[in-house]
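Residues in the sequence shown are numbered consecutively from 1, following the UniProt record's numbering.
Where is the CB? At the ideal position from N, CA and C, for every residue including glycine.
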Amino acid sequence: MVRRVASSDALQVRFWGTRGSTCASGPQFVEFGSHTPCVEVRCGERLFILDAGTGLSALGMELGPSAPEKIDILLSHLHLDHISGMPFFKPALLAKERVIRTYCGHLEGESAMEPLSRLFSPPLFPVRLGQLPAQFEYHGFKAGEPLTFDDGTRIDTHLLNHPGGATGYRLSHRGRSVCYISDVEHSDPWPDPDLAAFVRDTDLMIFDGMFSDAEYSYCRGWGHSTWQKGVELSKAAGVKALAIFHLYPGHDDDFLKAAEAEMQAVMPTAFMARERQSFRFEPVEDDFDTGCADPLKTQVGREKPVSLKDFAT
């Protein structure tokens, strides 16, 4: 038996940066956006931010002074395209009482605090993060360990195949879930059974599909995957919808729309992530824990409508 509960307790996702490695710029990149990785996830009223690329600045402008007093930023890893928005995050500039908690796996034996402190300090940057009005806290963990929060929220983590390591996240809330799998290079054999188990039956998987299969031979070992491998993983793991993410900055709107059409021919609920695109997963209480879900509903934003009629299972 699946029962509806209050919609204010929905799981909501919004993309603020969808590009990988560096920003894209120009009129041919308008539909899918220009910023590097940043995704807003709300579990009911609780805000989580996945990665702190240049999209974090745009999110911060949207939040402004109404941002929560405590903000949790979950970093996949510390490559520049995933952290470069942090010193431009407006809520960090507005209130001394605000606490910004940053989580990152011990991917190379040190906490996030040391490299972030080195990067955001003179002569590379004029102001240290510690000089900003908000208080920054750093929390390290071993990728694969669950994260637990003061309100009892639990987020599962998974080690990803990427140079230096990266962490995937699974956020679950009121019978719904979203998996964030960026950055990752597919393995042989594929789909990887451990990763398939991690994302199994999720409502939305955000997946690093930076390249196409045709391009991959030139980019092997760079730590990124293809949209075709994302579809293969989704089908093997029963993923309900697939958002291809970490888009190559040289792929313009025409290229991505053509690839999206090709992808949707084999998986109708797959799409290329668009900046400011948002989704809402209505909560369910499932007495039998079957994982059944009603269709995903798109929200406001500049997204192209995506056909999600096959979400109901």
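The shortest CA-to-CA distance from D208 to any of E232, S66, A265 is the one to E232. For the set T36, T167, S172, the Cα lying nearest the Cα of R154 is the one of S172.
Pairing F136 with Y103 gives a Cβ-Cβ distance that is not under 8 Å. Within the segment 169-196, the complete beta strand (DSSP E) segments at least 3 residues long are 176-181, listed from N- to C-terminus. E260 sits buried, since 16 or more C-beta atoms from the chains shown fall within 10 Å of its C-beta. Taking a C-beta distance under 8 Å as the contact criterion, K90 and G64 qualify as a contact pair. The shortest C-alpha to C-alpha distance from L93 to any of E275, E69, P27, K257 is the one to E69. Between the alpha carbons of V127 and A10 lies a gap of roughly 38 Å. Judged by beta-carbon spacing, A196 lies beyond the 8 Å limit of V184, meaning their Cβ atoms are not closer than that value. Pairing L242 with M210 gives a Cβ-Cβ distance that is not under 8 Å.
If you check the CB distance, P283 and R170 do not come in under 8 Å. The three-state secondary structure of R118, taken from DSSP, is helix.
CA-CA distance, Q264 to P133, rounds to 46 Å.
According to DSSP, T157 shares a beta bridge with Y169.
CA-to-CA, the gap between V30 and G130 works out to about 35 Å.
Setting aside the 5 residues that flank it on each side, L116 is surrounded in the same chain by L78, I83, M86, T102, L129, Y138, each with a C-beta closer than 8 Å to its C-beta; the list follows chain order.
In the DSSP annotation of this structure, D252 is not part of any beta strand (DSSP E), being labelled neither H nor E. For V13, the enclosing beta strand (DSSP E) starts and ends at 11-17. Within its own chain, the residues whose Cβ lies closer than 7 Å to the Cβ of M113, once the five positions on either side in sequence are excluded, are Y138, listed in chain order. If one requires a minimum length of 4 residues, the alpha helix (DSSP H) runs lying completely within the segment 244-279 are 253-264, in chain order.
Across the structure, F271 and I244 are spaced so that their CA atoms are roughly 6 Å apart. Comparing C-alpha distances from K240 to each of E215, S225, M205, Y180 shows the shortest one belongs to M205.
For G144, there is no enclosing alpha helix (DSSP H), as DSSP marks it with neither H nor E.
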